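S.K.:
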Amino acid sequence: MREIAPSLLSADFYNIEKQMNELRQTKVKYLHLDIMDGNYVPNISFGPGIIKNLRKKTDFIFDVHLMVNKPENYIDSFVDAGADIISFHPETTIHPNRVVSQIKSKGIKAGIVLNTHTDVDILKYLIQDIDLILIMSVVPGFGGQAFIPQIMDKVKVVREMIDQSGRDIILEIDGGIKTHNVKEVADAGVELIVAGSAIFNEKGIINNTEEFYKIIGE
Ligand code: DX5
Ligand code: ZN
Numbered sequence: 009m010r011e012i013a014p015s016l017l018s019a020d021f022y023n024i025e026k027q028m029n030e031l032r033q034t035k036v037k038y039l040h041l042d043i044m045d046g047n048y049v050p051n052i053s054f055g056p057g058i059i060k061n062l063r064k065k066t067d068f069i070f071d072v073h074l075m076v077n078k079p080e081n082y083i084d085s086f087v088d089a090g091a092d093i094i095s096f097h098p099e100t101t102i103h104p105n106r107v108v109s110q111i112k113s114k115g116i117k118a119g120i121v122l123n124t125h126t127d128v129d130i131l132k133y134l135i136q137d138i139d140l141i142l143i144m145s146v147v148p149g150f151g152g153q154a155f156i157p158q159i160m161d162k163v164k165v166v167r168e169m170i171d172q173s174g175r176d177i178i179l180e181i182d183g184g185i186k187t188h189n190v191k192e193v194a195d196a197g198v199e200l201i202v203a204g205s206a207i208f209n210e211k212g213i214i215n216n217t218e219e220f221y222k223i224i225g226e
């Protein structure tokens with residue numbers, strides 16, 4: 009699988025209905041939802057209320073990326089809002105294993121996010137339980153930042169760890185993905201590719217999405 013997950017953070021919230029309808033006309037299956045608490049990251053985005061509204065009108069796979077401290081306090085409300093996948097940063101909680109179980113007990117997929125500074129070692133005792141690993145290729149907090157090229161080394165190591173685990177774990181990347189670097193990440197074995205500012209811009213959602221899918225050969 010190789011899929012593009014547009015990040016709602018870069019959408020024009022005034023025209024959200026129109027933009028969702030455009031996305032529906034593309035091959036897109038996943039919608040990436042960035043939740044920022046103004047605490048773990050220096051930005052505030054949106055919460056479960058917005059997701060609940062979108063859930064009523066769209067059937068994308070909702071890929072929720074929590075950038076919040078104490079994610080354990082928010083799992084229930086995001087599950088109720090319609091999340092299909094919830095990923096969190098392990099440094100935001102004292103007991104990451106417990107949060108993974110909490111998410112999985114709701115019957116949805118659980119993901120771990122590796123911040124740009126986070127070593128892959130953190131995966132050693134989590135990999136047996138998780139469904140997704142999200143590698144940050146920018147420092148979390150904002151859309152439209154530049155891709156950090158050194159992250160490709162981490163992508164290769166994590167790809168190998170997943171293959172060796174023998175488990176069915178989705179590898180995802182997030183931040184600074186454009187048409188000029190998407191092939192490199194797809195070829196390195198990333199299956200779910202987040203793109204925000206490269207999808208929601210004046211060139212048009214449909215055009216941008218088609219260009220991405222053409223490049224990754226799906
Ligand atoms: C950054 C977010 C990303 C962001 C990606 O903290 O996690 O999902 O929206 O935006 P682009 O693709 O513009 O870097
Ligand atoms: Zn994200």
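Using our numbering, the final residue of the sequence shown is 226, and nothing's skipped along the way. No residue lacks a Cβ here, since even glycine has one placed at the ideal position from N, Cα and C. In this text, all values refer to a predicted model and were calculated from it rather than measured experimentally.
Assuming Tyr-38 is part of the beta strand (DSSP E), what are its boundary residues?
M.R.: On the sequence shown, position 30 is the one that residue 38 refers to. From DSSP, the beta strand (DSSP E) with Tyr-38 extends over 38-44.
S.K.: Go to Val-72, then tell me how far its beta strand (DSSP E) extends in each direction, as first and last residue.
M.R.: For the purposes of this step, residue 72 is identified with residue 64 of the sequence shown, where counting begins at 1. Annotation for Val-72: the continuous beta strand (DSSP E) segment containing it runs 69-75.
S.K.: At what residue ranges does the segment 79-139 contain a whole run of the beta strand (DSSP E), taking only runs of 3 or more?
M.R.: 93-96, 117-122
S.K.: Quick one: grab the DSSP three-state call for Pro-56.
M.R.: Reading the sequence shown from its first residue, position 48 is the one you call residue 56. Here Pro-56 sits in helix by DSSP.
S.K.: Count the C-beta pairs between the segment 115-125 and the segment 86-101 that are closer than 8 Å, then say yes if the count reaches three, no if not.
M.R.: yes
S.K.: For a test of your reading of the model: does the CB of Ala-91 fall under 7 Å from any non-hydrogen atom of the ligand DX5? Yes or no.
M.R.: Counted from its first residue, the sequence shown places residue 91 at position 83. Checking the Cβ of Ala-91 against the ligand DX5 gives no.
S.K.: Provide the residue(s) that pair with Ser-15 in DSSP beta bridges, ordered along the chain.
M.R.: In the sequence shown, residue 15 corresponds to position 7, counting from 1. DSSP, once it has assigned bridges, lists His-40 as partnering Ser-15.
S.K.: As a quick exercise: from Val-202, Gly-149, Gly-204, pick the residue whose alpha carbon is nearest that of Pro-50.
M.R.: Along the sequence shown, one-based indexing puts residue 50 at 42. When only C-alpha atoms are compared, the closest one is Gly-149.
S.K.: Considering only heavy atoms of the ligand ZN and the C-beta of each residue, which residues fall inside 6 Å, strictly closer?
M.R.: Ser-15, His-40, Asp-42, His-73, Asp-182, Val-202
S.K.: For Ile-227, which of helix, strand or coil comes out of DSSP?
M.R.: Nothing in the structure corresponds to residue 227, since the chain is present only between 9 and 226.
S.K.: Using the C-alpha atoms, what's the distance from Gly-46 back to Asp-176?
M.R.: Indexing the sequence shown from 1 puts residue 176 at position 168. Indexing the sequence shown from 1 puts residue 46 at position 38. Their backbone Cα atoms lie some 33 Å apart in a straight line.
S.K.: So, is Gln-110 buried or exposed, given that buried needs 16 or more other C-beta atoms within 10 angstroms?
M.R.: Numbered from 1 along the sequence shown, position 102 holds the residue referred to as residue 110. With 16 or more other Cβ atoms within 10 Å, it is buried.
S.K.: Please tell me whether Lys-37 and Phe-68 are closer than 8 Å, where the distance is taken between their beta carbons.
M.R.: Residue numbering aside, residue 37 sits at position 29 when the sequence shown is read from its first letter. Residue numbering aside, residue 68 sits at position 60 when the sequence shown is read from its first letter. Yes.
S.K.: Please list, in chain order, all residues of the same chain as Pro-56 whose beta carbon is under 8 Å from its beta carbon, the five residues on each side excluded.
M.R.: Residue 56 sits at position 48 when you count from the first residue of the sequence shown. So the list reads Tyr-82, Ser-85, Phe-86, Asp-88, Ala-89, once near-sequence residues are dropped.
S.K.: Closest to Lys-162 by CA distance: which of Asp-129, Ile-135, Gly-204, Gln-172 is it?
M.R.: Working through the sequence shown from its first residue, we reach residue 162 at position 154. The candidate whose alpha carbon is nearest that of Lys-162 is Asp-129.
S.K.: What is the DSSP secondary structure of Ala-196, reduced to helix, strand or coil?
M.R.: Reading the sequence shown from its first residue, position 188 is the one you call residue 196. In this structure, DSSP gives Ala-196 a state outside helix and strand, which the three-state scheme calls coil.
S.K.: Please name the residue or residues paired with Leu-142 in a DSSP beta bridge.
M.R.: Position 134 of the sequence shown holds residue 142. Paired residue(s): Val-121, Glu-180.
S.K.: If you draw a straight line from the C-alpha of Phe-54 to the C-alpha of Met-75, how long is it?
M.R.: Indexing the sequence shown from 1 puts residue 54 at position 46. Indexing the sequence shown from 1 puts residue 75 at position 67. Roughly 11 Å between the two C-alpha positions.
S.K.: Return the CA-CA distance between Val-166 and Ser-173, expressed in angstroms with no decimal places.
M.R.: The residue given as residue 166 occupies position 158 in the sequence shown. The residue given as residue 173 occupies position 165 in the sequence shown. Going from the Cα of Val-166 to the Cα of Ser-173 covers about 10 Å.
S.K.: Within the continuous alpha helix (DSSP H) that includes Glu-168, where are the two ends?
M.R.: Position 160 of the sequence shown, counted from the start, is the residue given in the question as residue 168. 159-173 is the extent of the alpha helix (DSSP H) around Glu-168.
S.K.: Say the cut is 7 Å; is the CB of Ala-19 nearer than that to a heavy atom of the ligand DX5?
M.R.: In the sequence shown, the residue the question calls residue 19 occupies position 11. The ligand DX5 has no heavy atom closer than 7 Å to the beta-carbon of Ala-19.
S.K.: Rounded to whole angstroms, what's the CA-CA distance from Gly-115 to Gly-197? Just pull it up for me.
M.R.: Along the sequence shown, one-based indexing puts residue 115 at 107. Along the sequence shown, one-based indexing puts residue 197 at 189. One C-alpha to the other measures close to 26 Å.
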